[in-house]
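> Per the working numbering, the very first residue in the sequence shown carries number 24; after that it's consecutive. In this text, a Cβ means the ideal position worked out from N, Cα and C, and glycines have one as well. From a predicted model like this one, the values you see are computed outputs, not experimental measurements.
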Amino acid sequence: GWGVGGIEAEAVLLGQPYYMLLPEVVGVKLAGSLPEGSTATDLVLRVTEMLRAHGVVGRFVEYYGPGLSGLSLPDKATLANMSPEYGATVGFFPVDHETLRYLTGTGRSPELVARVERIAREQGLFRTDDTPDPEYTSTMELDLATVEPSVAGPKRPQDRIALTDIRTAFGRDLPALVPAGHSLAEGGEAGDGGTAVAASQKRTVEIEMDGQRLEIGDGTIVVAAITSCTNTSNPSVMVGAGLMAKKARALGMEVKPWVKTSMAPGSQVVTDYLRAAGLMHYLEELRFNLVGYGCTTCIGNTGPLPGPVADAVYMHGLVVASILSGNRNYEARIHALVRANYLASPMLVVAFALAGRIDIDLYNEPLGQGADGRSVFLSDIWPSPEEIRDTIATALKPEMYHERYGHVFDGDEHWRALPLPEEGSLYEWDPDSTYIRNPPFFQGIRHKPPRLGNVRGARVLVLLGHTVTTDHISPAGAIPRYEPAGRYLEAHGVAPIRFNTFGSRRGNHEVMMRGTFGNVRLRNLLLEDKEGGYTVHLPTGQMTTIFEASERYRAAGTPLVVIAGREYGTGSSRDWAAKGTKLLGVKAVIAESYERIHRSNLVGMGVLPLQFQDGEGAEALGLDGTEVYDITGIAGGLEPRGEVRVVAARKDGSKVRFRCKVRLDSSVEVDYYRNGGILHTVLRRLAAR
């Protein structure tokens, strides 16, 4: 899994080389084998926890050691594909016999498989059990036998929780998740989450749904989704989920009625082998119906919750949960009303959907009752490794890959029925479209870039804490009606029911810039006890939306900066997190540390990424975001990893002076920034030919 920013990808499509610094390589030595009951998902959550703690941003991660021999290629792909979540540039494995077995099993010709083996061996890249350990910048070790069933949450992939501890962990995290204006039962106030909440303090609400009286409350699971390319591309966990559904249905079990379920595999082959194994029917009986192939719940395309559920959650401030087999569970990513989000294997998604709540001891409490009224436990429906292996061997055939990927670009009848535009050299923009509009990125561009200037008199648009994700910066989910993006769409004749999502409207810069920093869980430290896309306009002190404040600053000619803590820009590559920042008028971001792809995207859009010196930050320097900022050292020319001087003038006339590292990491990035971004650079080079 090599994460590439969308802006970099656009430049490559236009013929620009992809530049990178020679990376450090962290070796992760795997030994032993996974114990029965643990899955590749449990392994990747453990590794994500380890590597985030170790720190691998900007580094390569290679897995090695005797433990590789017991992992299937889909297991390895699960680990590699989650590299953005543990922060690495790439996670990878050497070629071995399992690679060849996978190529054969997916329909590659014997000649191709033999050629892959020959080339890998001749280049010294083929691993066997006798291969000596490579040398690395640093190493870590993990005994696979210690991997236990786990989930991760409630809002970061690295926050792993052993399945045995989930009930206690939810009680511990609950106070910090309660929304402002609400409190826990029996006087328990929302706090820092340091003390577990007693069961008596968890709130419950009675609702009526489909003629039934139901009770939901804190810890109720309202979304359960088998989704994401990482887990749904692994037959062992998908077949395992199907076998669990089959056993659950044989006992007469049903998913709790308040749980919104869905399944969205990363490949059509998945549903092919589930049907061939006779398992798809049982998943559908548990309401894990196919909703599409690709990004759905995992990127925020969850859709609305059932009305009575949504109303109860909103009115009473309930902390409800989602469980999904995705990669990312950042705040408000899955659904704006769901405050506790957990990652798990597809098998555990089925189990939690049956239980209907996250605060359960799955080993000792029943999932529910069967048709005969008897309690059904996780052990009653959990399949053995032999059952999973035998089912895969029977159902998964190489011909499935031939059939699906031989026609992958054909599309269905709806795709083929789309009218094609007349051929022409230029795209014809539709001025009435609310989906695709001509962006302003190249307006006013000249053959030669303007001279760089220092930043004078800048104001702070948002003051942020640690681990601000690209979902916080540029949400991809539903567009709120009464926020700037929703108001824009309504003003252009779009009914709220047709707003769709930010992800679907990323071809419209007017929508996307209005949604930038618009996540409903964003905590702008310029405001107290207020979440969402709001800020304080300075010097007036008026609270307003971030977009409206940026427009007022633009009209006054005031440049803007963003100040943040550690791990700024974690998560999806999300190019609009940088594009939207640029369009709001932000000249520089000052953070304690950056996630690799977002830092690169900022450079690609001509926004200067600056980094506090080690041990410094807004809190350490006493910055509260109301200061006026001057950034000098830009006009004289920037050097890779150089420094600039920052002066923050307080209202009382005192000044805070500090230096920041310039996170232009190469001469190529300096050139990109000097040109106003990577796309401007490419355009000027094309025009000069």
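Please name the residue, chosen from Val136, Ser285, Glu662 and Ser173, that lies closest to Thr187 on a Cα-to-Cα basis.
Taking only the C-alpha atoms, the option nearest Thr187 is Ser173.
> Between the beta-carbon of Val67 and the beta-carbon of Thr253, is there less than 9 Å?
Contact flag set, yes.
> Taking the alpha-carbon positions, what's the Val80 to Tyr109 distance?
Going from the Cα of Val80 to the Cα of Tyr109 covers about 8 Å.
> Quick check on the DSSP output: the alpha helix (DSSP H) that includes Lys270 runs from which residue to which?
Residues Pro258 to Ala273.
> Unbroken beta strand (DSSP E) runs of length 3 or more, entirely within the stretch 531 to 590: which are they?
Counting only runs of 3 or more, we get 557 to 560, 565 to 568 and 583 to 586.
> Which of helix, strand or coil does DSSP assign to Tyr505?
It is coil, neither helix nor strand.
> Going by C-alpha to C-alpha distance, which of Gly538, Arg69 and Ser398 sits closest to Leu366?
When each option's Cα is compared against that of Leu366, the closest is Arg69.
> With DSSP run on the structure shown, which of helix, strand or coil describes Thr112?
Correct three-state label for Thr112: coil.
> Apart from the five residues just before and just after Tyr125, which ones in its own chain have a Cβ nearer than 8 Å to its Cβ?
Closer than 8 Å at the Cβ level, and outside the excluded window around Tyr125, lie Ser95, Leu96 and Pro97.
> Determine, using beta carbons only, whether Leu297 and Leu306 come nearer to each other than 9 Å.
It is a contact, given that the beta carbons lie within the stated cut-off.
> DSSP state of Cys321, grouped into three classes?
Helix.
> Contact between the stretch 694 to 703 and the stretch 509 to 523: three or more CB pairs below 8 Å?
As far as the Cβ criterion goes, the stretch 694 to 703 does not touch the stretch 509 to 523, which means the pair count is below three.
> Can you name, in chain order, every residue of its own chain whose Cβ lies under 6 Å from the Cβ of Gly214, other than the five neighbours on each side?
With a pLDDT of 41 at Gly214, under the threshold of 50, the modelled position of that residue is not reliable, and the figure given next carries that caveat. So the qualifying residues of the chain are Pro198.
> When the distance is taken between beta carbons, is Leu475 closer than 9 Å to Leu661?
Yes; because the gap between Cβ atoms is below 9 Å, this pair is in contact.
> I'd like the span of the beta strand (DSSP E) that includes Pro632, first residue to last.
Where Pro632 is concerned, the enclosing beta strand (DSSP E) stretches over Leu631 to Phe635.
> Measuring straight from C-alpha to C-alpha, what distance separates Glu212 and Ala587?
Per-residue confidence for Glu212 stands at a pLDDT of 43, beneath the threshold of 50, marking its modelled position as unreliable; the derived number appears in the next sentence. In a straight line, the C-alpha of Glu212 is about 28 Å away from that of Ala587.
> What are the boundary residues of the alpha helix (DSSP H) that includes Ser402?
Leu401 to Ile404 is the span of the alpha helix (DSSP H), which, as asked, contains Ser402.
> Can you say whether Gln565 is buried or exposed, counting buried as having 16 or more other CB atoms within 10 angstroms of its CB?
Exposed, because fewer than 16 other Cβ atoms sit within 10 Å of the Cβ of Gln565.
> Let me check understanding here. Comparing Cα to Cα, which of Asn542, Glu140 and Pro117 lies closest to Thr127?
Cα-wise, what sits closest to Thr127 is Glu140.
> By a C-beta neighbour count over all protein chains shown, 10 Å radius and 16 as the cutoff for buried, is Pro582 buried or exposed?
Buried: at least 16 other Cβ atoms inside 10 Å.
> Mind checking Ala76: buried by the 16 CB within 10 Å criterion, or exposed?
Exposed is the call here.
> At a cut of 8 Å, does the stretch 155 to 165 reach the stretch 339 to 357 through at least three beta carbon pairs?
Cβ pair count under 8 Å is below three, so no.
> So if DSSP puts Ser527 in a beta bridge, which residue, or which two residues, is it bridged to?
Paired residue(s): none; Ser527 is not in a bridge.
> Along the beta strand (DSSP E) that carries Phe193, what are the first and last residues, could you check?
No beta strand (DSSP E) contains Phe193, which is instead part of the alpha helix (DSSP H) from Ile189 to Leu200.
> Compare the C-alpha of Ile468 against each of Leu37, His703 and Lys99 and name the closest.
Residue His703 is the option with its Cα nearest to Ile468.
> Who does Gln235 pair with in a DSSP beta bridge?
Beta-bridge pairing links Gln235 to Met232.
> If you draw a straight line from the alpha carbon of Ile657 to that of Thr71, how long is it in whole angstroms?
Taking the straight line joining both Cα atoms gives about 37 Å.
> Go through its chain and collect everything with a Cβ distance to Asn624's Cβ below 6 Å, but skip five positions before and after it.
Excluding sequence neighbours, Asn624 sits near Gly28, Ile30, Asp598 and Ala601.
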